[in-house]
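Residue numbers (my numbering), protein chains in the order written: chain A, 1 to 232; chain U, 233 to 464; chain L, 465 to 696; chain D, 697 to 928. For each residue, glycine too, the CB sits at the ideal point set by N, CA and C. None of the values given here were measured: they were computed from a predicted structure. Below is one structure; the comments refer to it alone.
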């Protein structure tokens, strides 16, 4: 029943688990809000205990049901399922402040959402088709990020020593600029820096954006191959 | 005549209705300008009454003309046509302040513009072709948005507690960053947060931008299928 | 010689004209710099007179050379060539301040650069291939821009009356957001406005960005057709 | 051994060289950090001397090993290899302040990373396929950048003379806007300037973004040709 999504009960169970995962994510987010009243905190704690209990039962049931137990436990989803509940049990014996960093692990629960989708395979094949270009473009993009950081450092450091402190600070500018996010916390003000940005952007937009097009065309290629296989 | 866009009179009527819809949108927008003189307000009110009258007549004519009356009334455009005039009649009997929120409904008039386009069918087929990937990418994008919000919250909350107050506030940052809008109201200042942003953007740009390429390639596929069908 | 770019002299002449056009654009831009010395202004004025003289001679030569004179004069490039020099002669008899706005026309000179490119035809065919989708997406994009402006106006006007003054001011926000420019002069601060922005961006990114992919795929289709025609 | 990446020793050597290049880049970046202690500076200087020595030995070995020595020295990678070490020897005899600008050349070391990738050939072919359109779109993009700078200058100069000082300053705005970076240091505030920005963005997004799609489709075409050649 746990594994079979085709039966009515299995579908219902999967749907229920999904809702609980979403609920736990919401309760986790609400917890970070500042200025919560004590009653809300209480409610969140109860929800947390209930959900961890539920996920633990689900995890144990899955081990019990599955034939190849060790294979499940060390599979991707087995580890995710364990990590979804383990931090709760571990954190109880620890100092309250250090709990916070462990709670980050609780987020792996989201990855459970991945389990029920079939379209991932097609995406996987598309990545294999476009692998070489992806790696090449990633390398070129990294090099461009670094080179543009060095360039802007030399142009802007003298005029804005507080903003473009070092190449590491310039890298942050490179990232925000080449991805076209453009927060506006760092920007060149010298004529040289602005002309440099012009050339970097002309080259950089292509380099950063091409992989996107590659994945899209690889995906449609994977779709074509699939429909050809279906025809055979 | 109302339905037949192929006759000369029908085309003229459709063109006239379209102009009136645009006029009503402009007059609605002008109404929101602060500091309007009383004479302008008067003019806007007269325009509004005139347009609502016109749209009402058009709506009643359409019901009168159409054979299957109930089917029209409960069709998408029938409901839109009704919603384009109904708020005006309902709002007269209500308190003046609550009118404002009802006026928002008047905007559905724009959707009437959809009526006259044929190319929508092709777009509809393209969406069906790329449906699975769209859903998958949307889910992955949602997960990425959430994960990046949690990550940046842990990196930045300690240093900028006023900006990154909670995961909900961080989600706003995630949205502005992953869509590359980058308003600049929120941005990481810690080295950890900036390195995290780097990885999130490298992954995120692909995930958010790929669906665009998918729709484009699906649309050209739909165009191909259409021209093949035309050849037969 | 003027029309024939295949002879050596013709190529040289075309290259010389292009350089002069670029020179005139640079001198026009330099003129706008504040705080120029009198000698620089003098130099710019001399350059301007020289260039206008040159372009006038070129224009008259072209009329003299061409067989179908009227056809050239009223062709796209004939009008551009005339507009490149006419403002200079007209402005001399006018008040100095109004000259500035006429000088804007001088920029049409750049369009002369279009003359010498052949790849435009392919782009033209691509636009015809993708015409219907382009129009549909443009309409949907316009509607989305307007709807998002109205939405954000209702969410933000009460809290930020100075920023989101009217629907027209909100339209500026819509434009900066949906194109992902994100200047950061206007952004929603209410939770409602931010959730609204989320949905608008999810829909809007596709709508605004798809036409780009359409043109690209139409261009490669036009390239395919061309190579098939070459094979025949 | 130096040239043969297929042997075990060759692979190890290549891997070692790559690591050293990355190390030198990191040490170069760390050097720009303000407020380094003397001991760290000492360490960086030692690392630098060691790496330059290593790269020099590698360069001389390569000359010694290769058959056609002059061809290597004047090849792309020969020059890069030389430039990776030369500035160090030259800078020792120079004034300390001028060293900084020479150190920029040290960055060419990164380009050595290019040597080991094969996928570049495919990208090269894709560029040839899409060359004409790329040039056309680049020209149109340049024209659009200039025209939008002139337009915004006329709209905004009167109201924001400090921001939109000249056409050159406006060009910086054009760049940040048409690439959708949108730093937010410059933005139009007049209604005319904002409407102008609207039209510029509608046209500009297509013009700037299309080349990206072109490269992607040309790359998939190059991939197709490759697989057809492999089948023969």
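Quiz item: Exposed or buried, which one is residue 356 of chain U when buried takes at least 16 other CB atoms within 10 Å?
Solution: exposed
Quiz item: Can you tell which of L:687, L:549, L:586 and L:611 has the C-alpha that lies nearest to the C-alpha of residue 660 of chain L?
Solution: L:611
Quiz item: Excluding the five sequence neighbours on either side, which residues of its own chain have a C-beta within less than 6 Å of the C-beta of residue 218 of chain A, listed in chain order?
Solution: Within the same chain, 126, 129 and 130 come within 6 Å of residue 218 of chain A by CB-CB distance, once the 5 residues on both sides are set aside.
Practice problem: Please determine if the stretch 151 to 159 of chain A and the stretch 130 to 139 of chain A are in contact, where contact requires at least 3 C-beta pairs separated by less than 8 Å. | Solution: no
Exercise. Mind the definition here: the stretch 724 to 731 of chain D touches the stretch 153 to 172 of chain A only if three or more C-beta pairs lie below 8 Å; say whether that holds.
Key: yes
Self-check item: Endpoints, alpha helix (DSSP H) assigned at residue 233 of chain A
Solution: In the structure displayed, chain A extends from 1 to 232; residue 233 of chain A sits before or after that span and is not available.
Quiz item: Does DSSP classify residue 432 of chain U as helix, strand or coil?
Solution: helix
Quiz item: Among the residues of its own chain, which have a CB less than 6 Å from the CB of residue 668 of chain L, if the five just before and after it don't count?
Solution: If we look at residue 668 of chain L and ignore the five residues flanking it on each side, its Cβ neighbours are 608 and 642.
Practice problem: Measure the C-alpha to C-alpha separation of residue 284 of chain U and residue 172 of chain A and round it to an integer number of angstroms. | Solution: 54 Å
Quiz item: Hey, which unbroken runs of the alpha helix (DSSP H) at 4 residues or more fall wholly within the stretch 251 to 318 of chain U?
Solution: 270 to 297 and 301 to 305
Quiz item: Using the beta-carbon count (16 or more within 10 Å), is residue 877 of chain D buried or exposed?
Solution: Taking all protein chains in view, the Cβ of residue 877 of chain D is crowded by 16 or more other Cβ atoms within 10 Å, so the residue is classified as buried.
Quiz item: Hey, does residue 921 of chain D have any beta-carbon neighbour from chain L nearer than 8 Å?
Solution: no
Quiz prompt | residue 400 of chain U - containing alpha helix (DSSP H), residue span | solution = 399 to 410
Self-check item: Pairwise C-alpha distance: residue 870 of chain D and residue 193 of chain A
Solution: Whole-angstrom Cα-Cα distance: 15 Å.
Quiz item: Do residue 55 of chain A and residue 85 of chain A come within 8 Å of each other at the CB atom, strictly closer than that value?
Solution: yes
Quiz item: Which chain D residues sit within Cβ distance under 8 Å of residue 412 of chain U?
Solution: 876
Self-check item: Simplified DSSP state of residue 803 of chain D, which is helix, strand or coil
Solution: Low confidence applies here, because residue 803 of chain D scores a pLDDT of 46, under 50, leaving its location unreliable; read the following figure in that light. Of the three classes helix, strand and coil, the one that applies to residue 803 of chain D here is helix, per DSSP.
Quiz item: CB-CB under 6 Å to residue 829 of chain D, same chain, minus the five flanking residues each way: which ones, in chain order?
Solution: 910
Quiz prompt | Rounded C-alpha distance that separates residue 273 of chain U from residue 655 of chain L | solution = Answer to the nearest angstrom: the Cα atoms are 32 Å apart.
Practice problem: Evaluate residue 321 of chain U with the Cβ neighbour count: other Cβ atoms within 10 Å of its Cβ, from every protein chain shown; 16 or more gives buried, anything less gives exposed. | Solution: exposed
Self-check item: Whether residue 187 of chain A touches residue 419 of chain U by CB criterion (8 Å)
Solution: no
Exercise. Please report the Cβ distance between residue 259 of chain U and residue 279 of chain U, rounded to the nearest whole angstrom; I am assuming they are in contact, meaning their Cβ atoms lie under 8 Å.
Key: 5 Å
Quiz item: With 8 Å set as the bound, which would you pick, yes or no: does the beta-carbon of residue 668 of chain L sit closer than that to a beta-carbon of chain A?
Solution: no
Quiz item: Does the Cβ of residue 244 of chain U have 16 or more other Cβ atoms within 10 Å, making it buried, or fewer, making it exposed?
Solution: Around the beta carbon of residue 244 of chain U, fewer than 16 other beta carbons lie within 10 angstroms, which makes this residue exposed.
Self-check item: Nonlocal neighbours in the same chain, by C-beta distance under 8 Å from residue 640 of chain L, ignoring five residues either side
Solution: 646, 647, 649 and 650
Quiz item: What do you get for residue 189 of chain A, buried or exposed, if any count of 16 or more other CB atoms within 10 angstroms of its CB means buried?
Solution: That one is exposed.
Self-check item: Inter-residue CB distance, residue 59 of chain A and residue 82 of chain A (contact presumed, cutoff 8 Å)
Solution: 6 Å
Practice problem: Indicate the three-state DSSP secondary structure (helix, strand or coil) for residue 189 of chain A in the structure shown. | Solution: The three-state reading of DSSP puts residue 189 of chain A in coil, since its state is none of H, G, I, E or B.
Self-check item: Where residue 888 of chain D meets chain U, residues with beta-carbon distance less than 8 Å
Solution: Here the premise fails: no neighbours, minimum Cβ distance about 17 Å.
Quiz item: For the stretch 609 to 640 of chain L, which residues have a CB atom closer than 7 Å to at least one CB atom of chain U, in sequence order?
Solution: 610, 611, 614, 617, 618, 629, 630, 631 and 632
Quiz item: Taking Cβ-Cβ distances shorter than 7 Å, what residues in chain U pair up with residue 32 of chain A?
Solution: 385, 398 and 399
Quiz item: What's the C-alpha gap between residue 563 of chain L and residue 162 of chain A?
Solution: Residue placement at residue 563 of chain L is poorly supported in this model, since its pLDDT is 39, which falls under 50; the coordinates are not used for a value here.
Practice problem: Could you name the residues of chain U that residue 731 of chain D contacts, counting a contact when the two beta carbons are closer than 9 Å? | Solution: Correct list: empty, because the minimum Cβ distance to chain U is about 15 Å.
Quiz item: Expressed to the nearest angstrom, what Euclidean distance is found between the alpha-carbon atoms of residue 918 of chain D and residue 303 of chain U?
Solution: 53 Å
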